[in-house]
Amino acid sequence: MSDVISVVLPDGSCRELPAGATTLTLAESIGPRLASDAVIGVVDGLEVDLNVPLTDGATVEIVTTSSERGLRTIRHSTAHVMAQAILDLYPGAQLAIGPPIEFGFYYDVELPEGKTLSGEDLERIEARMSEIVEADQAFVRHELAASEAAAFFAHEPYKAEIIERVVSGAARGEDAGEISGGDAISYYSNGIVGEEGAFRDMCTGPHVPSTGRLAHFKLQSVAGAYWRGDVTRPMLQRIYGTAWDSKKALKTHLQMLAEAEKRDHRRLAAELDLVSWPDELGPGLAVWHPKGALIRKIMEDYSRDRHELGGYDFVVSPHIAKSVLWETSGHLDFYADGMYPPMEMDGATYYPKPMNCPFHVMIFRSRQRSYRELPLRMFELGAVYRYELSGAVHGLMRSRGFTQDDSHIFTTQEAIQSELASLLGFVLSVLRAFGFDEFQAKLSTRPPVKSVGEDALWDEATDGLRAALENQGLEYVVDEGGGAFYGPKIDVDVKDAIGRSWQLSTIQLDFNLPERFDLEYVASDGSRKRPVMIHRALMGSIERFFGVLIEHYAGAFPAWLAPTQVRVLPVADVHQHYADGLVADLREAGFRADTVGAVEPLGKRVRNGKVEKLPYVLVVGDDDVSNGTVGVNRRGEDTPERDVTVPSFIEALRAEVNEKR
Numbered sequence: 004m005s006d007v008i009s010v011v012l013p014d015g016s017c018r019e020l021p022a023g024a025t026t027l028t029l030a031e032s033i034g035p036r037l038a039s040d041a042v043i044g045v046v047d048g049l050e051v052d053l054n055v056p057l058t059d060g061a062t063v064e065i066v067t068t069s070s071e072r073g074l075r076t077i078r079h080s081t082a083h084v085m086a087q088a089i090l091d092l093y094p095g096a097q098l099a100i101g102p103p104i105e106f107g108f109y110y111d112v113e114l115p116e117g118k119t120l121s122g123e124d125l126e127r128i129e130a131r132m133s134e135i136v137e138a139d140q141a142f143v144r145h146e147l148a149a150s151e152a153a154a155f156f157a158h159e160p161y162k163a164e165i166i167e168r169v170v171s172g173a174a175r176g177e178d179a180g181e182i183s184g185g186d187a188i189s190y191y192s193n194g195i196v197g198e199e200g201a202f203r204d205m206c207t208g209p210h211v212p213s214t215g216r217l218a219h220f221k222l223q224s225v226a227g228a229y230w231r232g233d234v235t236r237p238m239l240q241r242i243y244g245t246a247w248d249s250k251k252a253l254k255t256h257l258q259m260l261a262e263a264e265k266r267d268h269r270r271l272a273a274e275l276d277l278v279s280w281p282d283e284l285g286p287g288l289a290v291w292h293p294k295g296a297l298i299r300k301i302m303e304d305y306s307r308d309r310h311e312l313g314g315y316d317f318v319v320s321p322h323i324a325k326s327v328l329w330e331t332s333g334h335l336d337f338y339a340d341g342m343y344p345p346m347e348m349d350g351a352t353y354y355p356k357p358m359n360c361p362f363h364v365m366i367f368r369s370r371q372r373s374y375r376e377l378p379l380r381m382f383e384l385g386a387v388y389r390y391e392l393s394g395a396v397h398g399l400m401r402s403r404g405f406t407q408d409d410s411h412i413f414t415t416q417e418a419i420q421s422e423l424a425s426l427l428g429f430v431l432s433v434l435r436a437f438g439f440d441e442f443q444a445k446l447s448t449r450p451p452v453k454s455v456g457e458d459a460l461w462d463e464a465t466d467g468l469r470a471a472l473e474n475q476g477l478e479y480v481v482d483e484g485g486g487a488f489y490g491p492k493i494d495v496d497v498k499d500a501i502g503r504s505w506q507l508s509t510i511q512l513d514f515n516l517p518e519r520f521d522l523e524y525v526a527s528d529g530s531r532k533r534p535v536m537i538h539r540a541l542m543g544s545i546e547r548f549f550g551v552l553i554e555h556y557a558g559a560f561p562a563w564l565a566p567t568q569v570r571v572l573p574v575a576d577v578h579q580h581y582a583d584g585l586v587a588d589l590r591e592a593g594f595r596a597d598t599v600g601a602v603e604p605l606g607k608r609v610r611n612g613k614v615e616k617l618p619y620v621l622v623v624g625d626d627d628v629s630n631g632t633v634g635v636n637r638r639g640e641d642t643p644e645r646d647v648t649v650p651s652f653i654e655a656l657r658a659e660v661n662e663k664r
């Protein structure tokens, strides 16, 4: 056996190391800073602990603390430390699963004697976690045969169930991640460096070398979560936390969360009198108040105008349909869990619609179509109903009833590329109009299960979407297996004012529904051909898009969207007639304006306008009446502008609204 091995680095260069060297050895050979920042290794595409020996010829990547993979490992390891602290503080607690998530981690636990965690409990858990971090306990990996693991974890019912599902082949998601390969189950133990500790948790890993690397964390909240998301299974407590690679990064994230709390659309919707969710309606169902409904009308009117200019035909479809429609479309096979229960009427079974697409297919199929009609672009603001678990409902962001700005384009196979390019440009221009200018796209490919259609068609559809993204020069990532059951898709995320990403628009290429519904058009040579169908939701849903806008603008909508654009305040009753005339002039010019008389002190009325987040508050007094001027209080500015002529104010406001600044 050679005393030296050679490994390949990501840049293609080779490095010689002594036999038995690990990823940590490699990092140390490059430099002490890299060694201190190293978290795990990626060897021949597989994530491994830093102490796993390398083999000759292996390709090795060193993952550091600040990378996405590194942060995920830090969060995964911190979830273990939290679980360890919980078991220390609450003997008899049972652990379920504890994966890393975006920005943090959670762990589902069952506490003894019905104990419910409070804010004080989180502080106690945090304190114990800090002690475990201070002890710098090593993460040690172990493997057991599945039969041995079943006995080893027999006293932990949730872990035992996972093992049973892994062995039976029924595991998926986090469950499948517990098996390390073949017939082996892996687990990690914590203890003083070099010694095995009492805490152990079934996990595929990898982890940071020791708990001392996990100093920057914060526990955030507790929520209920049914085991496996099944309402018939035990309700567990889900403890959320966040973890970062530095004190500064943690502080920045917590500041962002504090700002996000201020921007919570549910709180602002109540404060600004926009939307509410009466208990009498049920979870996930909202009513729109006059101000919120006015903003919604502005949004929808803009959408209709853009679609009309874009060559779309407006269509309307009913809210329910017979089961045969959903059987043919495949929704009852692939989406039944997300649909409301059926209704029996007139000897037939009806379902509230979860999607608009089958109705648009019916319109296409209503008569013979010619290639001259294609692309045929249908657009509908269509209400849909989806059964979300009550625990998943979240204001406007996740509703049970909502309106999609839904488009379905029927085109020829030859025109796919040009149509997709046009669609992406259309999507981005509308998003920019609402104030978003940072985008990230995601290309989702065929799911490994529960999908329909030939592989060749899926490949062709995926290649078409990829080409459209690259032609637009739009940055994107690939989500392997994340497509819809009927085709691949592009999702477009936007970044809001405080840097959060929101998935809004989607474009889905579909060869399957035209096949299932036997759609045809007459080609130029007289033959019958199958059209290609493109699904496109631009805002996603009006409700969710509005919720994102509330949080993006913190309720301070730009003038073109604000329900009241201008408020006119007379200094005293003697100036009311002038204020009324000014409001009339503003309304005649097409603006939304009102006035509040001198029933309260002027300062309080100005402050009220700021609380309502009005774009402009105009104050008028003696000089303004004499000179035809106003005093302009712009939102966000402390010093008003005096002696502004009415025509110049109207001209400036018109430019701001028209340009959607």
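With our numbering, letter number 603 in the sequence shown gets 606, and the count goes up by one each step, no holes. Don't be surprised by glycine CBs; every beta carbon is placed ideally from N, CA and C.
Option nearest residue i by Cα separation, candidates the options
| i | options | result |
| --- | --- | --- |
| Asp-40 | Pro-56, Phe-202, Pro-212, Glu-113 | Pro-212 |
| Ser-629 | Val-143, Val-649, Glu-644 | Val-649 |
| Ala-226 | Ile-242, Leu-217, Arg-236, Gly-232 | Ile-242 |
| Phe-437 | Ala-153, Glu-603, Leu-120, Met-542 | Met-542 |
| Ala-395 | Gly-287, Ala-324, Ile-166, Asp-466 | Gly-287 |
| Thr-567 | Gln-420, Leu-297, Pro-451, Val-609 | Leu-297 |
| Ser-320 | Leu-335, Glu-137, Met-348, Val-364 | Val-364 |
| Gly-44 | Pro-21, Val-11, Ala-22 | Val-11 |
| Tyr-1 | Ala-324, Gly-584, Ile-412, Leu-507 | Examination of residue 1 is not possible in this model, given that the chain is present from 4 through 664 alone. |
| His-578 | Val-51, Ser-447, Leu-605, Glu-546 | Leu-605 |
| Asp-409 | Arg-168, Leu-29, Ser-5, His-310 | His-310 |
| Lys-679 | Phe-156, Tyr-110, Tyr-93 | Examination of residue 679 is not possible in this model, given that the chain is present from 4 through 664 alone. |
| Arg-231 | Val-660, Lys-162, Asp-308, Val-551 | Lys-162 |
| Ala-424 | Ala-459, Ala-386, Leu-379, Ala-470 | Ala-470 |
Cβ-Cβ distance between residue i and residue j below 8 Å
| i | j | result |
| --- | --- | --- |
| Asp-59 | Ser-9 | yes |
| Val-84 | Gln-97 | no |
| Gly-428 | Pro-450 | no |
| Thr-68 | Val-42 | yes |
| Ile-65 | Leu-37 | yes |
| Leu-507 | Leu-434 | yes |
| Ser-332 | Arg-533 | no |
| Leu-431 | Val-481 | no |
| Leu-392 | Gln-240 | no |
| Phe-142 | Asn-193 | yes |
| Ile-419 | Gly-467 | yes |
| Leu-522 | Cys-360 | no |
| Thr-214 | Ile-128 | no |
Close beta carbons around residue i, own chain, < 6 Å, minus the five adjacent residues each side
| i | result |
| --- | --- |
| Gln-511 | Ala-487, Gly-490, Lys-492, His-538 |
| Arg-657 | none |
| Lys-616 | Gly-558, Ala-559 |
| Gly-404 | Leu-288, Tyr-388 |
| Phe-548 | Met-542 |
| Asp-462 | none |
Assumed close pair residue i, residue j - CB separation to whole angstroms, cut-off 8 Å
| i | j | result |
| --- | --- | --- |
| Thr-25 | Leu-57 | 6 Å |
| Asp-267 | Leu-74 | Contact flag wrong, Cβ pair sits at about 25 Å. |
| Gln-416 | Val-318 | In fact, because the Cβ distance is near 23 Å, the residues do not count as touching under 8 Å. |
| Asp-499 | His-411 | Not really, about 29 Å apart at Cβ, beyond 8 Å. |
Which of helix, strand or coil DSSP assigns to residue i
| i | result |
| --- | --- |
| Lys-325 | strand |
| Lys-453 | coil |
| Thr-235 | coil |
| Leu-426 | helix |
| Ala-22 | coil |
| Asp-513 | strand |
| Gln-506 | strand |
| Trp-563 | coil |
| Pro-212 | coil |
| Pro-355 | strand |
| His-411 | strand |
| Asp-52 | coil |
| Leu-12 | coil |
| Asp-521 | coil |
| Trp-291 | strand |
| Tyr-191 | strand |
Residues of its chain near residue i, where Cβ-Cβ distance is below 8 Å and the 5 sequence neighbours each way are ignored
| i | result |
| --- | --- |
| Phe-108 | Arg-78, His-79, Thr-81, Ala-82, Met-85, Gly-101, Pro-102, Tyr-243, Gly-244, Thr-245, Ala-246 |
| Ile-301 | Trp-563, Leu-564 |
Near the ligand SAH: residue i beta-carbon under 7 Å from a heavy atom
| i | result |
| --- | --- |
| Val-614 | This structure simply doesn't include the ligand SAH, nor any ligand for that matter. |
Own chain partners of residue i with C-beta closer than 7 Å, once the 5 adjacent residues on each side are dropped
| i | result |
| --- | --- |
| Arg-144 | Asp-52, Ser-189, Tyr-191, Gly-208 |
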